[in-house]
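Protein chains in written order, with our numbering: chain A, 1 to 289; chain B, 1001 to 1289; chain C, 2001 to 2289; chain D, 3001 to 3289; chain E, 4001 to 4289; chain F, 5001 to 5289. Every residue gets a Cβ at the ideal spot worked out from N, C-alpha and C, and that includes glycine. Here the structure comes first, spelled out in structure tokens, and everything after it is commentary.
Number of protein chains: 6
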Amino acid sequence: MLSLRTAAYLEKKNKFLGASSDWENSKQVILGAPMDYTASFRPGSRFAPYRIREVSEVLEEYSISLNNCLDDIDYYDAGDIILPFGNVEKSLALIEEVAHDILSDGKKVFTLGGDHLISLPLIKAYHFFYNDLAVIQMDAHADLRFDYMGQTMSHACVMRRVTEIVGDGSLFQLGVRSGTAEEMAYAAEHSFIFPDQLLEVAGQVKKLIGRRPVYITLDIDVLDPAFAPGTGTPEAGGADSRQLLQMLHKLADLHIVGFDLVEVCPAHDHSDITSILGAKILREALLAY
Amino acid sequence: MLSLRTAAYLEKKNKFLGASSDWENSKQVILGAPMDYTASFRPGSRFAPYRIREVSEVLEEYSISLNNCLDDIDYYDAGDIILPFGNVEKSLALIEEVAHDILSDGKKVFTLGGDHLISLPLIKAYHFFYNDLAVIQMDAHADLRFDYMGQTMSHACVMRRVTEIVGDGSLFQLGVRSGTAEEMAYAAEHSFIFPDQLLEVAGQVKKLIGRRPVYITLDIDVLDPAFAPGTGTPEAGGADSRQLLQMLHKLADLHIVGFDLVEVCPAHDHSDITSILGAKILREALLAY
Amino acid sequence: MLSLRTAAYLEKKNKFLGASSDWENSKQVILGAPMDYTASFRPGSRFAPYRIREVSEVLEEYSISLNNCLDDIDYYDAGDIILPFGNVEKSLALIEEVAHDILSDGKKVFTLGGDHLISLPLIKAYHFFYNDLAVIQMDAHADLRFDYMGQTMSHACVMRRVTEIVGDGSLFQLGVRSGTAEEMAYAAEHSFIFPDQLLEVAGQVKKLIGRRPVYITLDIDVLDPAFAPGTGTPEAGGADSRQLLQMLHKLADLHIVGFDLVEVCPAHDHSDITSILGAKILREALLAY
Amino acid sequence: MLSLRTAAYLEKKNKFLGASSDWENSKQVILGAPMDYTASFRPGSRFAPYRIREVSEVLEEYSISLNNCLDDIDYYDAGDIILPFGNVEKSLALIEEVAHDILSDGKKVFTLGGDHLISLPLIKAYHFFYNDLAVIQMDAHADLRFDYMGQTMSHACVMRRVTEIVGDGSLFQLGVRSGTAEEMAYAAEHSFIFPDQLLEVAGQVKKLIGRRPVYITLDIDVLDPAFAPGTGTPEAGGADSRQLLQMLHKLADLHIVGFDLVEVCPAHDHSDITSILGAKILREALLAY
Amino acid sequence: MLSLRTAAYLEKKNKFLGASSDWENSKQVILGAPMDYTASFRPGSRFAPYRIREVSEVLEEYSISLNNCLDDIDYYDAGDIILPFGNVEKSLALIEEVAHDILSDGKKVFTLGGDHLISLPLIKAYHFFYNDLAVIQMDAHADLRFDYMGQTMSHACVMRRVTEIVGDGSLFQLGVRSGTAEEMAYAAEHSFIFPDQLLEVAGQVKKLIGRRPVYITLDIDVLDPAFAPGTGTPEAGGADSRQLLQMLHKLADLHIVGFDLVEVCPAHDHSDITSILGAKILREALLAY
Amino acid sequence: MLSLRTAAYLEKKNKFLGASSDWENSKQVILGAPMDYTASFRPGSRFAPYRIREVSEVLEEYSISLNNCLDDIDYYDAGDIILPFGNVEKSLALIEEVAHDILSDGKKVFTLGGDHLISLPLIKAYHFFYNDLAVIQMDAHADLRFDYMGQTMSHACVMRRVTEIVGDGSLFQLGVRSGTAEEMAYAAEHSFIFPDQLLEVAGQVKKLIGRRPVYITLDIDVLDPAFAPGTGTPEAGGADSRQLLQMLHKLADLHIVGFDLVEVCPAHDHSDITSILGAKILREALLAY
């Protein structure tokens, strides 16, 4: 069970597809982290957890690619963390505490952001349980700045902070096509970076990681804006949806222990295509990991 | 000539590109079937025939790919069927009657939906004239459910109903990437299904069909939502526009006798890109089939 | 308690503000009826119940105008009726059965449509319990046609059907500014109609109705489209939001037994202003009636 | 009949409500003038004639306010003038020639713009037949500049040009709430201007005009942008739709000989509320003038 | 001159109408404060200063209502404060410091928000110079909560904080139509509140204030969402644009020393009508105060 | 320095990324040409230069692909040409004069349109300085009509006019997938055309051009509308963003002397993806050419 304290931080407004209400038997827990106050360009990703759950009803629970069905597994939708808007420090602490509590009970957390900074407390919580944690980041941006406008806690710096936790050689950056020269230099020393490459380096990444426990953080802007217009900082020239879905399938034989999807921004979406894609990504992740 | 009775069911509000007003010499007839009341998620495809005609003016009448021009052929735009909103049974009967009447006069019908259920009465009418009819369905969804929410007449069941008319081994399902396990099992026994494949199986499909008369039904959601956001139930991970257009060209040496384009939904489109693509698809179909 | 049979027809996806989960103590029940298949122009009102609940969080639970707070009353959100898309007859029967069941337990129903046809089964159910029921309709359209495109069950005919149930002199039509000459003639004989008038005839309407039990059906298009763009058939020249809210307050000393809000259509809204207004209307209705 | 020469300048893409195809018996002719190349801010009004006709189907043909029905009058929809995009001079000449030809046959022209400059050739044509023509302009902007960015033929100068044709004391400017000090000074000498006033000066304007033949030119931006967002240069603070409709009714006992509606811009509209209002305005004008 | 230190906090991206570049002779200074991280519902007001300046070109510099022209006054556009995204405390300090510096040089500041919290540091800076400062707030919401989700620095609490600075009887709240019972009780003791009233209480407010120096803070949501859809928390039932503009004119004979316009949110606007209105409000404020 | 005369034609409203204010040391000059009056379908590209500059802030100044940074080069943003709306002839003359003046000072011009007609005066100016100029056009449309609706100066004819300046064998048309049979015939004789091909013919084009000076004109509609919905005449079936960016990189070893990007139309964009792509294209062009 979630501790009483943690349960009080959560609210359930709607739920993902046919999520179970049986906490005990659920190995996977969906969590919403609607924090977006460090967005540097267009905020609004706070509405992603709600909208992704809403549009999930357009999907089947069965995945043809995986030949597997959500009906056959138990997954719990814990709702969203109630965050103090504008208070970054306290928000990060809350996210970490909730994640820690879920992990204590032996579950995997599948988190819906929010902006990319939410991955930091999640990875912190995971690192407590898995000290050889590897992190796979799929993202258009390196997010390796030391600080952004003087702030070290920003979605533009989140992977820099992550490397400080997981250590050198533990971050794998895929699909990156935007960054500063300084970030590229930092990556050369501290992470494995694969600029503008995704599906084509799956094998290589898997070989490097081996059996280490893996946390996947997926910034939806790794896709070309044609496929994911609903995001805060669209960056032209990325992968397409099919490649991303195939990539997620290819990683399934790694030892995936956690997953998040961040930076979906419904206010800039149209026809809900980014949110619907987000829901499909979450379904595939639940079925595959 | 259309029978007086059928003519009374039709209204012409606008017309496709330079459609001829010469019924006698036209071998091809454009027909609008603005029915969308069985849509399970977002309705609104009733506006597709009007909008597709409207935006057709952005196109040339000449196709570079086909080196052929609409000016050189006669095609008639019969307008839209006036449907009793909300009455599914009567609407289906009307569509079938109009199609039957056009076919009786030796024409081919190129229908603009409406939701996918409109293909049922059209294929019924065709099957009367072509009893060895093969049907090629390009679609993100299998549409093979026995019923949906208790309804057997739904766009989610239309291909199940079609198989009941044309018989086993006569339905070819391309591009399907969403369905239930039951639908997949049904397909395995009753249709030829090519999950998530389109252009790459053109040759195989053509070999299987041979010289049978072919009806093509194209659900625009076979495309990735990036290319066709204006649809009711977008499903991430599909083909791109160019692949679809090439596929249509590749099928041209089959014995195509009928064609429909369904599930374009202008209210969820942006910049009219789905409708403009729909108009281009119709132009290519008129020139190629 | 709701009967088991009725409960099975309902699903809860999200809920309105701080709705209670205590059926017994709740005198008021919110019900969603997401039916829109008889819409003559733009469908999509099926999404209104979900969206209105979603945006309700932008509101306070306290109403300054009424000096009253939702925290101080118990109201239950029963969720939405699961409808067979495209089957009008069965849908109407389901709505009536559910409403009947709620009324049997001595509650008032506050229904969110859906298109205007949903008011028919609701009023039928109410008429069973209140045989001297008066109906106040606020609407841009008379909805008094005998049939529409041959259909007698259409949102364009709903008030004609209602007069057939409640009898002459029991329907009060306010704000009407669109109709045919035939409808106006019918109204002259069978209803009290106040073309293009709302707030200014409150006193007169109240005098005519006296202590009869009253059902209020509010078509959001009674407002000028500036205030409620998110609707299927916008009609220029209506009331503003403040006048409508004041009208709802003025009617509070009538014996209101039921209420519905119909024709909100989120796909044509912008900035959710129509849905947010819808949520405020529902709050005021819950507090006042 | 229209001259052959003029007929060749016209194309019919769709038509307004139940417009007659009987030229001879029609006293009123609808004409589209899709010219928008002199727009100073946002172009796109060229699409207004098409869209206004399209959405006209949402309206009844009967007007409750006027107790009159389009079914009972004959009005002809002549379609749109085919204009040479970008060639202002030639476009103006074409519009004048077509209008002249229609007037020669004793009809009244009801023109849908296009930007406001189209009123110039129309008023020129009218002035030829009615040399004591009075012009009522309802508009947020004075449009009295001598030139705009060096151009004398601009929508920002059109009423200055009109005064040069009809002479001093023949232009009545209502609702104006934007202009330069120079324009106000010019108006003081050459026109009757009623800043920010519309319905409240109806009586005064009618008294001033008496039995002179009147041309009404209605720039949709006379309304507050809440009621007509779909326009090129929205100006906050105007009238509401109901006031405008009432004003049109009040002017009906003048000797109205011509009417145009300009500056509707569908690309900046939402939910088509501006186009639907435009269609209602045209219906009321046809029934009243 | 601005201090070097303050100048370094500012960036100029675009400018308002014909703003002067002559600091010395300018008595009025436009300042952008693009902070929106405490928004409780929809963020995005950070883009308002840029967009309002952009669309200002649609306006004349002359105001018909005031018979006065921006050409005849000198006003300086200082650009936007460069804020550390997500750091509320530091952002507030920066805004206060910049405002203090401008006031030190004897200018008036006209600030474009940003969310409503930006008014707090501005009023702090003003209070330093004017210790009998009165504050007129036009707003749909009371903003008098002690805290919101545990945060005392939130746009929902800003006026509570303001009363703590200016003292009892110095805050005048107009147009308020949303709040909790607690806020109403607080207002009863500490501020003058005029629920749902604006123009009609102008005289009363002016009498109460007399010759005290006045800071006006205008939350655009005081208007009905029809007139200002582009805002974070639209609240149905407010004033119209014309009433607001008249109110601004009526207050001109008070001793106005500062002004801000907050909560314009371009991402939720359409046709830029809220931003264009914002630009007009700023023009009128510059001309009148 | 720019001549005084030319400088007077220009206005700076906002600027591209970190553009230098040092004219002397800048080898590259950004110029906006906001002309869109010859658009045949949807106008509005006049807003592209402003919007592309606005959204450029979402980009890094460093390009990972080119390993090069805008910080390390000097480029000047000259602002936009102030054009007489609606006057095609004079507008073209102004553009040519300004370009000529910039070229006289030994700079390269990087122009943001506007519709495609703006390339004509630019290429005229370039041809004066480079009489063996080759032109690479990437475009969905051939733009080789002799005239359009009787106008020889139209965006649909611009490349025909260009061939008349640069002579046969000097125009290289890539990505073309729309045109008339006449245009194809003209191309066969006068230009090198590569229908529907882009990246795959880079080598061939480069071989044909050799060391001739090259002007690149890029119509954004060369991309599939999924990647660039914000354009006037979307044509389904084009390249994707990544292919286009790679193509721009591949051409870098040619002798590029000028570049323009045309037909971006922000009003039809969504989530600014087309403008953001436009900004990235301009960054890559500045860094590569």
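Does residue i get closer than 8 Å to chain D when you measure Cβ to Cβ?
{"i": "residue 4157(E)", "result": "no"}
{"i": "residue 2181(C)", "result": "yes"}
Relative to the alpha-carbon of residue i, which residue among the options has its alpha-carbon at the smallest distance?
{"i": "residue 116(A)", "options": "264(A), 51(A), 93(A), 188(A)", "result": "264(A)"}
{"i": "residue 1185(B)", "options": "67(A), 181(A), 109(A)", "result": "67(A)"}
{"i": "residue 2272(C)", "options": "2123(C), 2160(C), 2051(C)", "result": "2051(C)"}
{"i": "residue 3214(D)", "options": "3252(D), 3111(D), 3044(D)", "result": "3252(D)"}
{"i": "residue 1142(B)", "options": "1194(B), 1003(B), 1168(B), 1031(B)", "result": "1194(B)"}
{"i": "residue 5098(F)", "options": "5258(F), 5131(F), 5002(F)", "result": "5002(F)"}
{"i": "residue 5089(F)", "options": "3151(D), 3046(D), 3082(D)", "result": "3151(D)"}
{"i": "residue 1210(B)", "options": "1179(B), 1254(B), 1198(B)", "result": "1254(B)"}
{"i": "residue 5112(F)", "options": "5274(F), 5261(F), 5281(F)", "result": "5261(F)"}
Using a Cβ-Cβ distance under 8 Å, would residue i count as near chain A?
{"i": "residue 1177(B)", "result": "yes"}
{"i": "residue 1125(B)", "result": "no"}
Using a Cβ-Cβ cut-off of 8 Å, state whether residue i counts as contacting chain E.
{"i": "residue 154(A)", "result": "yes"}
From the beta carbon of residue i, is the nearest beta carbon of chain C less than 8 Å away?
{"i": "residue 4224(E)", "result": "yes"}
{"i": "residue 3280(D)", "result": "yes"}
{"i": "residue 3277(D)", "result": "yes"}
Step through the CB atoms of chain F and report whether any lies within less than 8 Å of the CB of residue i.
{"i": "residue 138(A)", "result": "no"}
Open item on the list: So if I threshold CB-CB distances at 7 Å, which residues from the region 5007-5041 of chain F count as touching chain E?
Closed with: 5013, 5014
Task: chain E contacts made by the region 2240-2272 of chain C, where a contact means CB separation under 8 Å - done: 2240, 2241, 2242, 2245, 2270, 2271, 2272
TODO: Could you tell me whether the region 4272-4288 of chain E touches the region 4130-4137 of chain E, where touching means 3 or more Cβ pairs closer than 8 Å?
DONE: no
Task: Contact list for the region 3040-3054 of chain D against chain B, Cβ threshold 8 Å - done: 3050, 3054
- [ ] Note down, in chain order, all residues in the region 4074-4099 of chain E with a beta-carbon under 9 Å from any beta-carbon belonging to chain C.
- [x] none
Open item on the list: Quick check: the region 3263-3277 of chain D against the region 3231-3243 of chain D, are at least 3 beta-carbon pairs closer than 8 Å?
Closed with: yes
Task: At least three beta-carbon pairs within less than 8 Å, the region 3235-3250 of chain D to the region 3105-3120 of chain D - done: no
Open item on the list: Threshold first: 3 residues or longer. Then list the beta strand (DSSP E) segments lying entirely within the region 1051-1106 of chain B, N to C.
Closed with: 1075-1081
Open item on the list: Measuring CB atoms only, is the region 5070-5086 of chain F touching the region 3068-3077 of chain D, in the sense that at least three cross pairs come out at less than 8 Å?
Closed with: no
Task: Three CB pairs or more closer than 8 Å across the region 4006-4021 of chain E and the region 9-28 of chain A - done: no
TODO: Examine the Cβ distances between the region 3100-3117 of chain D and the region 2203-2223 of chain C and report whether three or more of them are shorter than 8 Å.
DONE: no
Open item on the list: Give the list of continuous alpha helix (DSSP H) stretches no shorter than 4 residues that lie fully inside the region 1223-1288 of chain B.
Closed with: 1241-1250, 1273-1288
Open item on the list: Output needed in chain order: residues of the region 191-214 of chain A with a Cβ under 7 Å from some Cβ in chain F.
Closed with: 195
Open item on the list: Using a Cβ distance threshold of 8 Å, determine whether the region 5030-5044 of chain F contacts the region 3034-3045 of chain D, with at least three qualifying pairs required.
Closed with: yes
TODO: Output, in sequence order along the chain, the residues in the region 1225-1236 of chain B whose CB is closer than 8 Å to any CB in chain F.
DONE: 1226, 1227
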